[in-house]
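Here the structure is laid out as structure tokens; the discussion comes afterwards.
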Amino acid sequence: MSGSGAAARGARGRGGGGGWAGASGSSSAGRGHGQGQGRGRGAYFKALYGGGGSKRARMDLDADADAEASSSSAVPGSSRQQDRALARPWTELESFFHSREGKPYPAYRDLLGCVWAFPNTWAATGSAAGAGLKTAQWTLQADSVQADPFAPPSHFRAFVPHAVARVAPPDVMGRIQGGEGAQAKEAGPAASATSSFRRTAIADFLLRRLVRAFQSATDEWDAYVHSAASSAGGWGSGWSSGKGGQLEIDAPGQQILDRSALRFGEDGTIEVRFRVGLPAKGRSILGREAHHLFTSIVPRALEQGLSLAHIDPAAFSIYLASAEDSHALQAQLRSHNLVTFIGNGSVLPRASGASDEPLPRDCAVESVSPQSLETTLKTPHRGEVRGLGLRKGTLTVLIGGGFHGKSTLLEAIAAGVYVHKAGDGRELVSTVDTAMLIQSEDGRSVSNVDISPFIKYLPSGKSTTAFSTKNASGSTSCSASLIEALELGSELILIDEDTTAANWLQREAAMAQLVLREPISPFVDHVRALVDGGQRSVVLVCGSSTHFLKHADHVLLLEDYRTRVLDLKTFPSSPRLSKKSIFEVPRGTCQIRVRNEAFYRDEQATPAAAVDEDLSLDLRRHVPHVVSPSQARAIAAVLNQLPQRVGEWGHPLSSSSSKVPLRTLVDGIDALMGGGGGEGGTGAGVEMLQYPAGSAPEGNLARPRKVDIGAVLNRLRVAQFK
1 MSGSGAAARG ARGRGGGGGW AGASGSSSAG RGHGQGQGRG RGAYFKALYG
51 GGGSKRARMD LDADADAEAS SSSAVPGSSR QQDRALARPW TELESFFHSR
101 EGKPYPAYRD LLGCVWAFPN TWAATGSAAG AGLKTAQWTL QADSVQADPF
151 APPSHFRAFV PHAVARVAPP DVMGRIQGGE GAQAKEAGPA ASATSSFRRT
201 AIADFLLRRL VRAFQSATDE WDAYVHSAAS SAGGWGSGWS SGKGGQLEID
251 APGQQILDRS ALRFGEDGTI EVRFRVGLPA KGRSILGREA HHLFTSIVPR
301 ALEQGLSLAH IDPAAFSIYL ASAEDSHALQ AQLRSHNLVT FIGNGSVLPR
351 ASGASDEPLP RDCAVESVSP QSLETTLKTP HRGEVRGLGL RKGTLTVLIG
401 GGFHGKSTLL EAIAAGVYVH KAGDGRELVS TVDTAMLIQS EDGRSVSNVD
451 ISPFIKYLPS GKSTTAFSTK NASGSTSCSA SLIEALELGS ELILIDEDTT
501 AANWLQREAA MAQLVLREPI SPFVDHVRAL VDGGQRSVVL VCGSSTHFLK
551 HADHVLLLED YRTRVLDLKT FPSSPRLSKK SIFEVPRGTC QIRVRNEAFY
601 RDEQATPAAA VDEDLSLDLR RHVPHVVSPS QARAIAAVLN QLPQRVGEWG
651 HPLSSSSSKV PLRTLVDGID ALMGGGGGEG GTGAGVEMLQ YPAGSAPEGN
701 LARPRKVDIG AVLNRLRVAQ FK
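When we follow full-length UniProt numbering, the leftmost residue of the sequence shown carries the number 1, and every step to the right adds one.
Encoded structure:
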């Protein structure tokens with residue numbers, strides 16, 4: 001399974017490793033098997049390259065892999081949070097590492113089961129608050145330890161109490177303020193808002209700071225190992241040279257997502273999940289370097305990233321206010337009968353096709369709404385915001401010359417399902433979170449989908465009311481994708497004619513006279529029926545065809561990235577067709593067949609390489625709304641856990657193979673994660689995917705949309721539907 005910009009490889013157990021930010025600050029392909037320990041170099045390269053098989057990204061759905069990954073860390077201290085009251089003082093790390101100097105690398109496994117307590121040196125020296133908080137401690141523990149220096153880095157967690165970091169979400173701050181009085185005021189901007197979404201936004205802000213702090217720490221480490229203070233010598237990539245010391249953590253993109261890398265406890269404790277490459281020379285432990293790493297480099301990086309003393313209050317407030325305003329816009333869409341809103345002043349173009357960064361404002365044309373479509377929404381910090389609003393039950397056609405911004409506008413609408421960080425340019429672009437992009441997906445798998453509204457018959461005689469194929473064409477893939485999107489409850493369909501089968505979109509009259517036996521009923525004949533129910537909208541980019549203009553509620557002309565509304569009365573040659581009946585999803589409740597693991601105990605696992613093609617899915621191509629490799633890992637975790645947890649997610653299994661309504665399944669998963677896009681809900685967020693309970697949690701998951709989980713299930717070749 002591929003995520004956006006990186007491949008999630010070897011996603012076993014709870015989703016595996018991968019896509020972590022290292023010294024360069026970029027995301028790299030995942031290389032782990034969940035816990036990333038106890039497997040050895042051979043297992044590592046087999047996971048990376050597939051044991052001589054295809055190098056395509058692969059995802060093992062075998063539930064036995066979860067037990068395999070969990071067993072590698074089934075040691076004392078592998079629970080979610082060890083008893084930190086029994087923590088050993090950090091000063092003992094010197095004797096711990098020096099006593100293992102030069103020993104074989106597996107001796108690092110003695111770190112498992114240990115909790116190390118560090119003093120609070122983060123408070124400002126001489127301040128009253130600092131004097132009263134010196135007794136507070138933060139702790140560090142290992143969840144998994146790599147088997148050798150060539151394996152994926154080891155998993156660690158740091159627990160930083162509020163008394164040390166002085167930053168907490170608003171709901172926690174309310175409890176803390178009741179007990180600490182005036183001292184709690186030092187939390188500054190963290191205590192200024194009441195929105196529950198701010199918990200996610202604060203975590204995102206701190207996580208971005210940690211990414212930068214880890215980059216600086218890596219530079220500091222490089223300087224140390226090349227200095228006279230280090231005994232390693234010959235640091236590099238050679239077999240006998242020094243290795244390790246890198247700090248890695250799940251790096252956010254332009255979107256603010258619910259991530260598992262940094263979490264807040266109910267008492268305000270910050271839990272950070274990261275990776276550390278344990279230092280070695282060849283396969284021997286470098287104890288002196290390890291001691292310096294854990295007593296100097298790591299503590300300094302955590303302090304730089306998390307301590308309020310190092311945070312610019314103004315930057316903190318601006319960042320969180322921007323996130324909260326964006327979230328408020330998204331929350332108002334349905335109450336204002338809108339499917340998307342694009343605030344005036346937004347910067348929609350990106351820096352390049354390979355970057356999600358914004359085009360510099362001095363090079364970009366800011367978005368301005370046509371007056372007839374201008375809508376006003378309210379935000380908690382900016383106040384009233386004006387912009388272009390598209391309503392439910394409408395067809396909007398985007399036209400214009402090449403390179404004038406049609407696809408850019410459509411892509412911005414698609415991106416609006418997420419809240420974007422301050423400075424992205426799309427902070428004021430919001431779209432209903434069920435929006436889905438329909439495009440040609442030649443070769444995709446389709447299982448029992450009724451595509452008969454669009455494909456009346458097939459020359460082979462195969463039924464189109466329960467159509468299945470392992471190699472869909474452009475038109476059949478578009479038909480299936482649209483029906484599946486409607487079944488999952490999509491309220492907004494996005495289509496770009498450049499990426500969609502032309503014969504599925506429309507048909508020329510002259511061609512209809514030449515080809516009398518045409519099985520395809522084009523989308524243009526159904527689009528009014530689709531939107532006239534009032535619950536669904538369509539935004540469609542047309543650069544060369546006028547077929548959809550006669551059906552459109554709005555025709556927007558883009559010229560030099562500026563938008564204006566065209567009057568439909570100027571096109572009398574193509575009158576709108578008479579109103580048809582409301583488009584109905586042709587098949588009943590879509591059900592996915594789920595195997596009950598209780599009926600198949602002691603069954604041997606099927607090697608992933610043997611079924612690689614059936615378990616591979618390029619999300620960048622097939623599910624483009626998955627924007628982070630960590631979301632891909634979270635979806636893989638859902639699939640891995642499905643047989644064991646389907647009852648918890650809304651539909652208990654009663655036989656060896658039960659049928660589960662797909663919409664019910666994804667709604668149940670989303671509800672447990674909080675509902676409504678993940679922010680402000682009552683669920684546990686992406687933490688709900690930490691499984692089994694009590695095991696060491698993954699730090700590289702990000703919450704996906706429920707419709708994207710459903711889209712992946714619909715496209716898996718191993719999935720069976722009725």
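We put the beta carbon where it would ideally sit given N, CA and C, even for glycine.
Query, Result
"Using a threshold of 8 Å, state whether the C-beta atoms of residue 338 and residue 390 are closer than that.", "yes"
"Please classify residue 436 as buried or exposed, where buried requires at least 16 neighbouring CB atoms within 10 angstroms.", "buried"
"Report buried or exposed for residue 361, applying the criterion of at least 16 other Cβ atoms within 10 angstroms of its Cβ.", "exposed"
"Should the stretch 410-421 be called in touch with the stretch 558-571, which here means at least 3 C-beta pairs below 8 Å?", "no"
"Using the rule of at least 16 other Cβ atoms within 10 Å of the residue's Cβ for burial, across every protein chain shown, is residue 131 buried or exposed?", "Annotation note: pLDDT 48 at residue 131 (below 50); position unreliable, no value reported."
"Is it a yes or a no for the stretch 700-716 touching the stretch 630-645, going by three-plus beta-carbon pairs under 8 Å?", "yes"
"Please report the distance separating the alpha-carbon of residue 110 from that of residue 104.", "12 Å"
"Leaving out five residues before and five after residue 287 in sequence, what residues of the same chain have Cβ atoms less than 7 Å from its Cβ?", "97, 98, 100 and 101"
"Looking only at DSSP bridge pairs, what is residue 728 linked to?", "Only positions 1 to 722 of the chain appear in the structure, and residue 728 is not among them; the question remains open."
"Does residue 492 pass the burial test, meaning 16 or more other C-beta atoms within 10 Å, or should it be called exposed?", "buried"
"Distance, Cα to Cα, residue 227 vs residue 304?", "23 Å"
"Can you check whether the CB of residue 366 is closer than 8 Å to the CB of residue 346?", "yes"
"How many angstroms separate the CA atom of residue 114 from the CA atom of residue 247?", "20 Å"
"Which stretch, first to last residue, makes up the alpha helix (DSSP H) that contains residue 702?", "Taken as a continuous stretch (DSSP letters only), residue 702 belongs to no alpha helix (DSSP H), as it is neither H nor E."
"Based on the DSSP output, what are the partners of residue 89 in its beta bridges?", "117"
"Exposed or buried, what is residue 621 when buried is set at 16 or more other beta-carbons lying within 10 Å of its beta-carbon?", "exposed"
"Of all the options 271, 722, 535 and 207, which has the alpha carbon lying nearest to the alpha carbon of residue 311?", "207"
"Quick check on the burial criterion: 16 or more other C-beta atoms within 10 angstroms. Buried or exposed for residue 725?", "Missing from the structure shown is residue 725; the chain here goes from 1 to 722 and no further."
"Go to residue 342, then tell me how far its beta strand (DSSP E) extends in each direction, as first and last residue.", "338-343"
"Looking only at its chain, what residues have a beta carbon closer than 6 Å to the beta carbon of residue 284, apart from the 5 residues adjacent to it on each side?", "102"
"Grouping DSSP H, G and I as helix and E and B as strand, with all else coil, what is residue 205?", "helix"
"With distances taken Cα to Cα, identify the nearest neighbour of residue 473 among 439, 463 and 414.", "439"
"Please state the DSSP three-state secondary structure of residue 643.", "helix"
"Helix, strand or coil: how does DSSP classify residue 255 here?", "strand"
"Apart from the five residues on each side of it in sequence, which residues of its chain come closer than 6 Å, Cβ to Cβ, to residue 217?", "247, 297 and 301"
"Pick helix, strand or coil for residue 563, following the three-state DSSP scheme.", "strand"
"Relative to the C-alpha of residue 417, which residue among 203, 87, 138 and 625 is closest?", "625"
"Determine whether the beta carbon atoms of residue 202 and residue 329 lie at a separation below 8 Å.", "no"
"Indicate the three-state DSSP secondary structure (helix, strand or coil) for residue 736 in the structure shown.", "The question about residue 736 has no answer, for the chain in this structure spans 1 to 722."
"Does residue 721 come out as helix, strand or coil in the three-state DSSP assignment?", "strand"
"Taking 8 Å as the cut-off, decide whether the C-beta atoms of residue 340 and residue 447 are in contact.", "no"
"When we look at the beta-carbon of residue 263 and count the other beta-carbons within 10 Å, is it buried (16 or more) or exposed?", "buried"
"Between which two residues does the beta strand (DSSP E) harbouring residue 688 extend?", "Run containing residue 688: none; DSSP gives neither H nor E here."
"By the three-class DSSP mapping on this structure, what secondary structure does residue 591 have?", "strand"
"Can you list, in chain order, the residues of its chain whose CB lies under 6 Å from that of residue 322, leaving out five sequence neighbours each side?", "422 and 427"
"Sorted by chain position, which residues of the same chain lie with C-beta nearer than 8 Å to residue 577's C-beta, five sequence neighbours on each side aside?", "Here the model assigns residue 577 a pLDDT of 47, short of 50, so the residue's position is not dependable, and the following value carries that caveat. Around residue 577: 528, 550 and 551."
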